[in-house]
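Residue numbers (the working numbering), protein chains in the order written: chain A, 1200 to 1311; chain B, 114 to 228.
All C-beta atoms in this analysis are idealised placements derived from N, C-alpha and C, irrespective of residue type, glycine included.
All of these numbers come straight from a predicted model, not from anything done at the bench.
Okay, structure first, notes after.
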Amino acid sequence: GDSVTQMEGPVTLSEEAFLTINCTYTATGYPSLFWYVQYPGEGLQLLLKATKADDKGSNKGFEATYRKETTSFHLEKGSVQVSDSAVYFCALTTGNTGKLIFGQGTTLQVKP
Amino acid sequence: NAGVTQTPKFQVLKTGQSMTLQCAQDMNHEYMSWYRQDPGMGLRLIHYSVGAGITDQGEVPNGYNVSRSTTEDFPLRLLSAAPSQTSVYFCASIDRDRGWDTEAFFGQGTRLTVV
C-alpha cells in the first residue's frame, strides 16, 4: 500500500542553521504531497503542498520539491528560527478519497 | 471562524469504560475524519465521512464507532476502552469542493489515557 517515510528525529539545530528533513514515499497512483506542522499543544496545520511532479511548494521560508524520479519531497529552510521548533509531518493523498497517509513525524528543536 | 473544535482536550478512562469524543466544524465541510497519533507512527486514519449519513472505516477502525447525523458534527465513540487506545486523537475536515488535494483542517486534539 501507499506509505511515507521520514527521517528519524529529533533534529536539533542552532538558530540560522540550514534545515533539511527527508521524506520519501511509495504510491501506486499519482499522489499529492504535503508538509504539515504541529506546534506544541496544537493540531496540525498545512505548511505547504505540491500536486504534481516538479512542483515546488513554499511557505514561511520553507520549500519542498516534488521529485517523481526519486519519490521524494524533502523539506528545506535556509535559516531556521526558534519559533520553527515543532513536529513536521510529510503526507500524501491519492485519488478522490480525502485520506491522508502520514509519515512518522520529525521533531525539530531550534536553540538560540 | 472557530474551525474544527474538539472536546474534551484531556480524558482519563478506566479499562472498559465508554466515552464519546466530540468534533464540530463550522466551515460547512462535507468531509470529516478521525486520526490517532502515536509516537513513531505518525497519524493513522480511524474513520471518515464524506457527508451526513455516510461513514466508512479507515486504517485502524477496531474499537471505535462513528456516526454523522449533521454536516457539522462527527463524534467518535469508544464502546469499551482498552489501554491500547491510549493516544492523541485528531479530528479533521476538508472542503472537498476545492478538490481532494486541498488543505485539511485539524482540531487541537484530545489526549486520552486508558488505565
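Whole angstroms is fine: what's the gap from E216(B)'s alpha carbon to T128(B)'s?
Here residue 216(B) refers to the residue found at position 103 of the second sequence. Here residue 128(B) refers to the residue found at position 15 of the second sequence. Going from the Cα of E216(B) to the Cα of T128(B) covers about 36 Å.
Between R190(B) and G166(B), is the Cβ-Cβ spacing less than 8 Å?
By one-based count along the second sequence, residue 190(B) stands at place 77. By one-based count along the second sequence, residue 166(B) stands at place 53. Contact flag unset, no.
In whole angstroms, what is the alpha-carbon distance linking T168(B) and D139(B)?
Here residue 168(B) corresponds to residue number 55 of the second sequence, with the count starting at 1. Here residue 139(B) corresponds to residue number 26 of the second sequence, with the count starting at 1. Roughly 19 Å between the two C-alpha positions.
Boundaries (first-last residue) of the beta strand (DSSP E) holding G155(B):
Taking the second sequence and counting its residues from 1, one reaches residue 155(B) at position 42. In the DSSP assignment, G155(B) falls within the unbroken beta strand (DSSP E) covering G155 to G164.
Who are the neighbours of M154(B) on chain A, taking C-beta pairs under 9 Å?
Indexing the second sequence from 1 puts residue 154(B) at position 41. Chain A residues near M154(B): F1301, Q1303 and G1304.
Starting from I207(B), find everything on chain A with Cβ-Cβ shorter than 7 Å and list it in chain order.
Taking the second sequence and counting its residues from 1, one reaches residue 207(B) at position 94. Within 7 Å Cβ-Cβ: G1297.
If you measure beta-carbon to beta-carbon, which residues of the region 1245-1256 of chain A are closer than 8 Å to chain B?
Listed by position, the residues of the region 1245-1256 of chain A near chain B (Cβ gap below 8 Å) are L1245, K1248 and T1250.
Pairs of beta-carbons, one from the region 1279-1291 of chain A and one from the region 1229-1236 of chain A, closer than 8 Å: are there three or more?
yes
Given G155(B) as reference, the closest of Y1229(A), A1263(A), L1246(A) and V1203(A) once Cα atoms are compared:
By 1-based counting over the second sequence, the position of residue 155(B) is 42. Residue V1203(A) is the option with its Cα nearest to G155(B).
Contact with chain A by W109(B), beta-carbon distance below 8 Å:
Here chain B has residues from 114 to 228 only, and residue 109(B) is not among them.
Between the C-alpha atoms of K1298(A) and I207(B), what's the straight-line distance to the nearest angstrom?
For the purposes of this step, residue 1298(A) is taken as residue 99 along the first sequence, with counting starting at 1. For the purposes of this step, residue 207(B) is taken as residue 94 along the second sequence, with counting starting at 1. Rounded to the nearest angstrom, the two C-alpha atoms are 10 Å apart.
Of all the options V227(B), F219(B) and V228(B), which has the alpha carbon lying nearest to the alpha carbon of Y1238(A)?
Along the first sequence, one-based indexing puts residue 1238(A) at 39. Checked all of V227(B), F219(B) and V228(B); the closest Cα to Y1238(A) is F219(B).
Within 8 Å, do at least three Cβ pairs link the region 1268-1283 of chain A to the region 149-163 of chain B?
Segment contact: the region 149-163 of chain B against the region 1268-1283 of chain A, fewer than three CB-CB distances shorter than 8 Å; contact not assigned.
For a cutoff of 8 Å on Cβ pairs, would you count L1243(A) as touching chain B?
Along the first sequence, read from residue 1 onward, the residue named residue 1243(A) stands at position 44. For L1243(A), the answer is yes, since a Cβ of chain B falls inside 8 Å of its Cβ.
Out of curiosity, what's the CA-to-CA distance linking G176(B) and E1262(A)?
For the purposes of this step, residue 176(B) is taken as residue 63 along the second sequence, with counting starting at 1. For the purposes of this step, residue 1262(A) is taken as residue 63 along the first sequence, with counting starting at 1. Cα to Cα, the separation comes out at about 39 Å.
How many angstroms separate the CA atom of T1219(A) from the CA atom of L1307(A)?
The count along the first sequence starts at 1 and reaches residue 1219(A) at position 20. The count along the first sequence starts at 1 and reaches residue 1307(A) at position 108. When only Cα atoms are considered, T1219(A) and L1307(A) end up about 10 Å apart.
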